[in-house]
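One structure below.
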Amino acid sequence: MNFLKEIENLKEVKNAIILAHYYQPGEIQEIADYVGDSYYLSKIAQQSPAQFIVFCGVEFMVESAKILSPDKRVFWGNTDSNCKMVDEFHDEELIELMELHQDAAVVSYVNSSTRIKTMSYTCCTSSSAVPTVKSIENKKIIFVPDKNLGSYVAEQCPEKEIILGKGKCYVHDNVKAEEVLKLIELNPGALVLTHPECQKEVRDISDYIGSTGNILNYAIKSDKESFIIVTEMGITHILGKKCPEKKFYFPKMICGGMKRTTIEDVYRCLNYEENEILLPEDVIEKAALALSNMIRLGEKR
Ligand code: SF4
Numbered sequence: 138m139n140f141l142k143e144i145e146n147l148k149e150v151k152n153a154i155i156l157a158h159y160y161q162p163g164e165i166q167e168i169a170d171y172v173g174d175s176y177y178l179s180k181i182a183q184q185s186p187a188q189f190i191v192f193c194g195v196e197f198m199v200e201s202a203k204i205l206s207p208d209k210r211v212f213w214g215n216t217d218s219n220c221k222m223v224d225e226f227h228d229e230e231l232i233e234l235m236e237l238h239q240d241a242a243v244v245s246y247v248n249s250s251t252r253i254k255t256m257s258y259t260c261c262t263s264s265s266a267v268p269t270v271k272s273i274e275n276k277k278i279i280f281v282p283d284k285n286l287g288s289y290v291a292e293q294c295p296e297k298e299i300i301l302g303k304g305k306c307y308v309h310d311n312v313k314a315e316e317v318l319k320l321i322e323l324n325p326g327a328l329v330l331t332h333p334e335c336q337k338e339v340r341d342i343s344d345y346i347g348s349t350g351n352i353l354n355y356a357i358k359s360d361k362e363s364f365i366i367v368t369e370m371g372i373t374h375i376l377g378k379k380c381p382e383k384k385f386y387f388p389k390m391i392c393g394g395m396k397r398t399t400i401e402d403v404y405r406c407l408n409y410e411e412n413e414i415l416l417p418e419d420v421i422e423k424a425a426l427a428l429s430n431m432i433r434l435g436e437k438r
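Note that this note's numbering has the sequence shown beginning at 138, numbered continuously upward.
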């Protein structure tokens, strides 16, 4: 069967769109109508007139899209695509922090479970974390789950008292400063662009710190020729397309959960309507508050 042709036909018949995160395999990015980070894709899901959405990404992204667009049918490309940061940070840890710091506002990184979102005042993305925390009145902020992004926020917001969760992204947290220094030595003149989910020792030797989307924009707009990119390597696909004349070097950073989706999975979602996301109404309602605050505060920037 020619899955690509079938997917095109099914999209038309069902008025469907395919969304893919930057970390998805290149062939999935190629068949997607929109490629971006989780914030961009959730907004597309919300704004698109399409009522049938196949989202190729990890669970929290697909659920966030459903929460923001509860009347649409949202399908998860591959249900084994999990985010380890989400899996490793549990509700009980947040409940404990909330009990200990009752005067704190809870800000959860969008890379968190839906249950964590229902307990949060607002969510944030890696690009909106700092302005979001600054915009909240409380001096004390519980920031979960990512301790690295949280420590970056604490550095940028010295006026706040930031209580950190203990979560981390194994892909970004595993990169060591020595690896990056080695790449700098091998590629003199290359700018180091780093995601804030990396450890402080790596951030401290970087030229620029930003979300995946911001790293991409920075590399595209820069008049420099070469870059050391310290985030998940799926971004090479779009970097290669947008700036084929530039050179990019990476430490080995691959998110296993993000690489599970296949073309056949997308076909199965479209044809057999497999893997539809269904969430209880009360959960949607509560989590929607934190996600709507994320969009509202994000747009105030
Ligand atoms: S790269 Fe890290 S934070 Fe992103 S989906 Fe993979 S495990 Fe989760």
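We treat Cβ as the ideally placed atom computed from N, Cα and C, and that holds for glycine.
Here's the rule I'm using: 16 or more other beta-carbon atoms within 10 Å means buried, otherwise exposed. How should residue i be labelled?
| i | result |
| --- | --- |
| Leu181 | A quick correction: the sequence has Ile, not Leu, at residue 181. Buried, by the Cβ-count rule. |
| Leu205 | buried |
| Gly214 | buried |
| Leu376 | buried |
| Val247 | buried |
| Asn146 | exposed |
| Arg252 | exposed |
| Ile165 | buried |
| Val281 | buried |
| Ile232 | exposed |
| Asp419 | exposed |
| Leu141 | exposed |
| Val150 | exposed |
Are residue i and residue j close, meaning C-beta to C-beta below 8 Å?
| i | j | result |
| --- | --- | --- |
| His158 | Gly194 | yes |
| Phe212 | Val244 | no |
| Cys260 | Ala427 | yes |
| Ala327 | Ser272 | no |
| Gly350 | Gly163 | no |
| Gly304 | Glu225 | yes |
| Pro388 | Leu323 | no |
| Ile346 | Ile366 | no |
| Ile168 | Val312 | no |
| Arg203 | Leu407 | Note that residue 203 corresponds to Lys in the displayed sequence, not to Arg. No, Cβ-Cβ distance for Lys203 and Leu407 is not below 8 Å. |
| Cys392 | Tyr177 | no |
| Val270 | Ile278 | yes |
| Ser201 | Ser185 | no |
| Ile144 | Asp170 | no |
| Lys290 | Ile299 | It is Val, not Lys, that sits at residue 290 in the sequence shown. Their beta carbons are under 8 Å apart, which means Val290 touches Ile299 by this criterion. |
| Glu229 | Gly302 | no |
Excluding the five sequence neighbours on either side, which residues of its own chain have a C-beta within less than 7 Å of the C-beta of residue i, listed in chain order?
| i | result |
| --- | --- |
| Gln188 | Asn152, Lys209 and Arg210 |
| Ser257 | Val243, Val244, Ser245 and Ala427 |
| Ser250 | Phe197 and Val223 |
| Asn412 | Phe212, Trp213, Thr216 and Cys406 |
| Lys337 | Ser288 |
Does the distance between the C-beta of residue i and the nearest non-hydrogen atom of ligand 1 fall short of 7 Å?
| i | result |
| --- | --- |
| Lys378 | no |
| Cys220 | yes |
| His309 | yes |
| Asn248 | yes |
| Tyr160 | yes |
| Tyr369 | Checking the displayed sequence, the identity of residue 369 turns out to be Glu instead of Tyr. Checking every heavy atom of ligand 1 against the Cβ of Glu369, one is found closer than 7 Å. |
| Glu401 | no |
| Cys260 | no |
| Glu334 | yes |
| Cys406 | no |
| Val195 | yes |
| Cys294 | no |
Whole-angstrom Cβ separation of residue i and residue j, contact assumed at under 8 Å?
| i | j | result |
| --- | --- | --- |
| Ala241 | Asn275 | 6 Å |
| Val308 | Met198 | Actually they are not in contact, since the Cβ atoms of Val308 and Met198 sit about 15 Å apart, beyond 8 Å. |
| Ile357 | Pro207 | The pair is not a contact, with the Cβ atoms about 35 Å apart (cut-off 8 Å). |
| Ser265 | Leu434 | 7 Å |
| Ser218 | Ser348 | The pair is not a contact, with the Cβ atoms about 20 Å apart (cut-off 8 Å). |
| Gly394 | Lys221 | 7 Å |
| Glu334 | Asp283 | 6 Å |
Cβ of residue i versus every heavy atom of ligand 2: is any distance shorter than 7 Å?
| i | result |
| --- | --- |
| Met395 | You won't find ligand 2 in this model; what it holds is ligand 1. |
Below 8 Å CB to CB, which residues in the same chain sit around residue i once its five sequence neighbours on both sides are set aside?
| i | result |
| --- | --- |
| Cys380 | Ala356 and Ile357 |
| Asn430 | Tyr258, Thr259 and Cys260 |
Give me, in chain order, the residues of the same chain whose beta-carbon lies closer than 6 Å to that of residue i; leave out the 5 immediate sequence neighbours on both sides.
| i | result |
| --- | --- |
| Arg397 | Asn215, Asp217 and Ser218 |
Using a Cβ cut-off of 8 Å (strictly closer), state whether residue i contacts chain B.
| i | result |
| --- | --- |
| Leu237 | Absent from the structure is chain B; it holds one protein chain and no more. |
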